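I have placed the structure first, in the form of structure tokens, so that the comments after it can refer back to it.
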Amino acid sequence: MQRKNISGRKLNNAITSEDILGKDVIDLEGNLVGVVEKIFIDPASLRFIGISVDKGFIKKGLSIGKNYILKITEHAVFLKIRIAYDMKGMFVFDKDGKKIGKVSSIELHGNRNKIKSIHVETGLFSSLLKKGLIIPARSIKRIGDNIILKNSEKILLRNGLYNAILQSTKI
Amino acid sequence: MLNPHHIIRKELELDKTINLKELIGKKILSFGGKVIGKISQIRINPTNLNLEGILIKRDIFGKPLYIGKSYFSHLSHDAVILNIEISLLIKGKNVITSGGKIIGKVTEVVRKGSTNDIKVLMVRSFFSRRFLIPASAIKYIGKSVILKPNYNAKKKYFWQKVE
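Residue numbers (the working numbering), protein chains in the order written: chain A, 19 to 189; chain B, 61 to 223.
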């Protein structure tokens, strides 16, 4: 039986919440981020503003704004970004390929997906004492499977970047 | 060690060069920072004495890789960084259509000769459906292989051979 329509517009091409909920969320790199758990709607404007992603058991959920969604297809929701939080656990190498450490946390610009700095554990000692390095986003050359920095460790040391960082984290 | 006498013409000075012996055992990183393996051999051209490539030892299950110097981006005392992502390592990655459907995993990478350029990907799903996906149909290779829009993956039949 045909459903009656009093929406004031054609809804044939619109998608429903059922079409989105439970769908896979895939980032720019083709990484499966999780599944859509909730849809956020602005109560004032009634506009769709984002989704909440269930990343699986144990992992914390993630809210993603509408601006970061590329498209919603039949089987998945594609993002136009790579999730910055997924950098956690990546290894950090300097320009020469020397291993600096492992990303322990990421600091973002507000609620955006823009990286401000990464916190790097340089070894077991630093992780136990909660100390490490803070590397600003401007020092990052490339993010792939791991992170490669723009400069060599020596240059970073010479610029006093690491010293300043160590002092700030010792507090 | 005492500073040696230099007997050179146009060559680099000693301190500007890299000791190849010290490079053995050092890491090889892909363009994106993936650790490919460790250097087991460094090969030079016997005619012009130029560096030609390196042999990479991978984990116990991985076949060794020989990579030519044209794929090197940066060579240092600590590692060799490549200017590519090794196409052979796509094996095992999910293949996703532009609609977000996972059609299977890459089971084989067919390259153009011995280069790193992909010719065809062989993809197999859980239910044994096999696809041949040409490089032209690939939009992006990252954690997964994402196909271009409106590409219909063709099923591969047993009489079709991949060269």
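Using N, Cα and C, we set each Cβ at its ideal position, and we do this for glycine too. As the structure is a computational prediction, the values presented were derived from the model and not from experiment.
Quiz item: Taking just the CA atoms, how far does D119/B sit from S122/A?
Solution: Residue mapping note: residue 122/A aligns to position 104 of the first sequence, counting from 1. Residue mapping note: residue 119/B aligns to position 59 of the second sequence, counting from 1. The alpha-carbon atoms of S122/A and D119/B are separated by roughly 26 Å.
Practice problem: Please go through the same chain and pick out, in chain order, the residues whose beta-carbon is closer than 8 Å to the beta-carbon of G74/A, but skip the five residues on each side of it. | Solution: Indexing the first sequence from 1 puts residue 74/A at position 56. Result list for G74/A: G52, in chain order.
Practice problem: May I ask you to report which of helix, strand or coil DSSP gives Y200/B? | Solution: Indexing the second sequence from 1 puts residue 200/B at position 140. Looking at Y200/B - three-state DSSP - the assignment turns out to be strand.
Exercise. Return the first residue and the last residue of the beta strand (DSSP E) that E125/A is part of.
Key: Residue 125/A sits at position 107 when you count from the first residue of the first sequence. First-last of the beta strand (DSSP E) with E125/A: K117 to L126.
Quiz item: Name the chain A residues that come within less than 9 Å of I141/B, Cβ to Cβ?
Solution: Sequence index remark: in the second sequence, residue 141/B carries index 81 (1-based). Residues of chain A passing the Cβ test: F111, K113, D114, G115 and I166.
Quiz item: Helix, strand or coil: which one does DSSP assign to L111/B?
Solution: Here the question's residue 111/B lines up with position 51 in the second sequence. The answer is strand: DSSP assigns L111/B an E or B state.
Self-check item: Interface flag, E223/B vs chain A, CB-CB below 8 Å
Solution: As a working note, residue 223/B is residue 163 in the second sequence. With a pLDDT of 47 at E223/B, under the threshold of 50, the modelled position of this residue cannot be trusted, and the question is left open.
Quiz item: Going along the chain, which residues of the region 88-105 of chain B sit with their C-beta nearer than 8 Å to a C-beta in chain A?
Solution: L89, S90, F91, G92, G93, K94 and V95
Practice problem: List the DSSP bridge partners of L151/A. | Solution: The count along the first sequence starts at 1 and reaches residue 151/A at position 133. BP columns for L151/A point to V138/A.
Quiz prompt | Closer than 9 Å at the beta carbon, the chain B residues around R160/A | solution = If you number the first sequence from 1, residue 160/A lands on position 142. Residues of chain B passing the Cβ test: F91, G92 and G93.
Quiz item: Residues of chain A with a CB under 9 Å from the CB of Y200/B: which are they?
Solution: Residue 200/B sits at position 140 when you count from the first residue of the second sequence. Chain A residues near Y200/B: L46, E47 and G48.
Self-check item: Where R130/A sits in the DSSP three-state scheme
Solution: As a first step, residue 130/A is located in the first sequence; it is residue number 112 there, counting from the start. Correct three-state label for R130/A: coil.
Self-check item: Simplified DSSP assignment, three categories, for L150/B
Solution: For this step, residue 150/B is matched to residue 90 along the second sequence. According to the sequence shown, residue 150/B is Ile rather than Leu. Three-state DSSP puts I150/B in a helix.
Self-check item: Selected residue, minimal CA-CA separation from N131/A, among A155/A, V138/A and I99/A
Solution: Counting from one through the first sequence, the residue named residue 131/A turns up at place 113. Ranking the options by Cα distance to N131/A, first place goes to I99/A.
Exercise. Starting from D119/B, find everything on chain A with Cβ-Cβ shorter than 9 Å and list it in chain order.
Key: Your numbering for residue 119/B matches position 59 in the second sequence. Within 9 Å Cβ-Cβ: nothing; D119/B doesn't reach chain A, min ~15 Å.
Quiz prompt | Delimiting residues of the alpha helix (DSSP H) encompassing D37/A | solution = One-based indexing of the first sequence puts residue 37/A at position 19. Its alpha helix (DSSP H) spans residues S35 to I38.
Quiz item: Excluding five sequence neighbours on each side, which residues of the same chain lie with their C-beta closer than 6 Å to the C-beta of S170/A?
Solution: On the first sequence, position 152 is the one that residue 170/A refers to. Closer than 6 Å at the Cβ level, and outside the excluded window around S170/A, lie D112, K113 and D114.
Self-check item: Selection from I116/B, G159/B, N105/B and L149/B that minimises the alpha carbon distance to L88/A
Solution: On the first sequence, position 70 is the one that residue 88/A refers to. L88/A has its Cα closest to that of G159/B, out of I116/B, G159/B, N105/B and L149/B.
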